[in-house]
Amino acid sequence: MSEKKEKFMEKIRNQLSGLQKFLLGLLIGCLIGSFFVYFHMKPKVMVEGVVDGTENADVVLEEHLLTHTTAEFQEAVLGFAKTHSELIIMEQPITITTTITKAGLGNLAIFSKVKNVTFKGEGIYTVDLSRFNAANVVVNQEKKNVVITVPSAQLQYVSFLVEETEYEDTERGLLAFGDIKLTTEELNELEVKVKETMSEHLEEARCLEDANKIAQLKMYQFFQEVVSAIEATYTVTIILK
């Protein structure tokens, strides 16, 4: 092979080698570029929020998705109050014994008759939620507490248990005969007076205090269940007014 031809072939080999290097470099560059584009252009779900200078997706999600508004708690509490406008919170048994006297001739004891009658009843105490409104429900988001103001318990009525009335034997004077018999009018008047006496006892301070203790406990149980249905981490405080 001539020297001129050999130089020509060497030049060709050098050109091919350079081209190969260029193509190889180009291939590597394309691969690196592809990875760069993939990782930087890949769609991301971003949750905006900064806690102590750093993004914290869990905190932000809790803040945006798990925080309930005051209106939500108020609506739930008011809904319960609307369907339970007058809640019976206590039934207090009461017994009153009265003496019936039928005077005899000249109001003398030997002609008189006496009978003791024991009347039984129940005092029904209620909490009136018929005027309940949003102002009765205050939500503290920071403390996760719902303060609910409800009316104090009150004696609504006295249930007279006529069938449980107990009549003792009649005590008669030496010259008195027969049993004591009351007319319908007399019996009605007696029952009215007995109910009034029962009401007076049931409205004494100690009875109302006991009713309010039970009212506060029951109101807490009712409304804590309502609030927990919205958010289990919130507590309830009941204030009687």
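Using this note's numbering, read the sequence shown as starting at 48 and increasing by one per residue.
Where a beta carbon is used, it is the ideal one built from N, C-alpha and C, also for glycine.
Within its chain, find whatever has a CB closer than 8 Å to the CB of residue i; leave out the 5 residues flanking it on each side and keep chain order.
i: alanine 200; result: Ile136, Met137, Tyr172, Thr173, Val174, Leu255, Ala258, Asn259, Ile261, Ala262, Leu287
i: glutamate 133; result: Thr173, Val174, Asp175, Leu176, Ser177, Gln203
i: glutamate 119; result: Ile277
i: valine 197; result: Val174, Leu176, Phe179, Asn183, Ala262, Met266, Ile285, Ile286, Leu287, Lys288
i: alanine 123; result: Val273, Val274, Ala276, Ile277
i: aspartate 226; result: Lys160, Lys162, Thr217
i: valine 193; result: Phe120, Val124, Val184, Val185, Val186, Asn187, Phe270, Val274, Tyr281, Thr282, Val283, Thr284
Can you pull the DSSP bridge partners for residue i?
i: threonine 284; result: Val194
i: isoleucine 147; result: Lys162
i: valine 174; result: Leu134
i: glutamine 201; result: Thr173
i: serine 206; result: Glu169
i: asparagine 187; result: Asn192
If we ignore side chains and look at the alpha-carbon of each, how far apart do residue i and residue j end up?
i: isoleucine 195; j: valine 205; result: 28 Å
i: alanine 181; j: histidine 248; result: 35 Å
i: glutamate 218; j: phenylalanine 179; result: 55 Å
i: alanine 252; j: glycine 170; result: 14 Å
i: glycine 126; j: glutamate 210; result: 39 Å
i: glutamate 250; j: leucine 264; result: 20 Å
i: isoleucine 141; j: threonine 244; result: 10 Å
i: glutamine 139; j: glutamine 188; result: 39 Å
i: threonine 212; j: glutamate 233; result: 16 Å
If you measure between the beta carbons of residue i and residue j, is that distance less than 7 Å?
i: valine 241; j: phenylalanine 166; result: yes
i: valine 164; j: tyrosine 214; result: yes
i: threonine 130; j: valine 186; result: no
i: leucine 208; j: glycine 168; result: yes
Below 7 Å CB to CB, which residues in the same chain sit around residue i once its five sequence neighbours on both sides are set aside?
i: tyrosine 267; result: Val283, Ile285
i: glutamine 121; result: Ala181, Val184
i: serine 246; result: Leu202, Val205
i: phenylalanine 55; result: Because the pLDDT of phenylalanine 55 is 47, which lies under 50, any placement of that residue in the model is unreliable, and the number read from its coordinates should be weighed accordingly. Result list for phenylalanine 55: empty, nothing under 7 Å.
By Cβ distance, which residues of its chain are closer than 6 Å to residue i, with the 5 residues on each side in sequence left out?
i: threonine 280; result: Lys191
i: histidine 115; result: Ile277, Glu278
i: alanine 128; result: Leu176, Phe179
Below 8 Å, can you find three or more Cβ-Cβ pairs linking the stretch 138-150 to the stretch 226-237? Cβ pair count under 8 Å is three or more, so yes.
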